[in-house]
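Enquirer:
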Amino acid sequence: MKAKNGDRNYRADAYALYATLNSIKDLYYHSIKNKLLKNGCNSLWGDKMVSCVSNVAPYFLTQRMVSEYMKYVWNL
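Here's what the structure looks like:
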């Protein structure tokens, strides 16, 4: 999150990060408390993790990484 003057707004970034972690923490501990993860049942935590992996996986493709190395590291 950028501040209006272009400087990083670390306080706002930290607040957003902690708010996200707090909501995720609640999902995780609810799943643990109700033994949803051990039984292999679907849970909000499990659904969120699957969603996160499916959203970021395309970004970590080997082909993209190699092309970025060629462009930014090796200047090819």
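The numbering of the sequence shown is my numbering, which starts it at 14 and goes up by one.
Ideal placement from N, C-alpha and C gives every residue a C-beta, glycine not left out.
Can you check whether the CB of S56 is closer than 8 Å to the CB of S44?
Expert: Yes, the pair counts as a contact, with Cβ atoms nearer than the cut-off.
Enquirer: Need the endpoints of the alpha helix (DSSP H) that L57 sits in, please.
Expert: Taken as a continuous stretch (DSSP letters only), the alpha helix (DSSP H) holding L57 covers L57 to V69.
Enquirer: Just to confirm the assignment, what range does the alpha helix (DSSP H) spanning N35 have?
Expert: Its alpha helix (DSSP H) spans residues Y23 to K46.
Enquirer: On the premise that W58 lies in contact with Y41, defined as a C-beta separation below 8 Å, what is that separation, rounded to the nearest angstrom?
Expert: With 8 Å as the limit, Y41 and W58 qualify as a contact, their Cβ atoms being about 5 Å apart.
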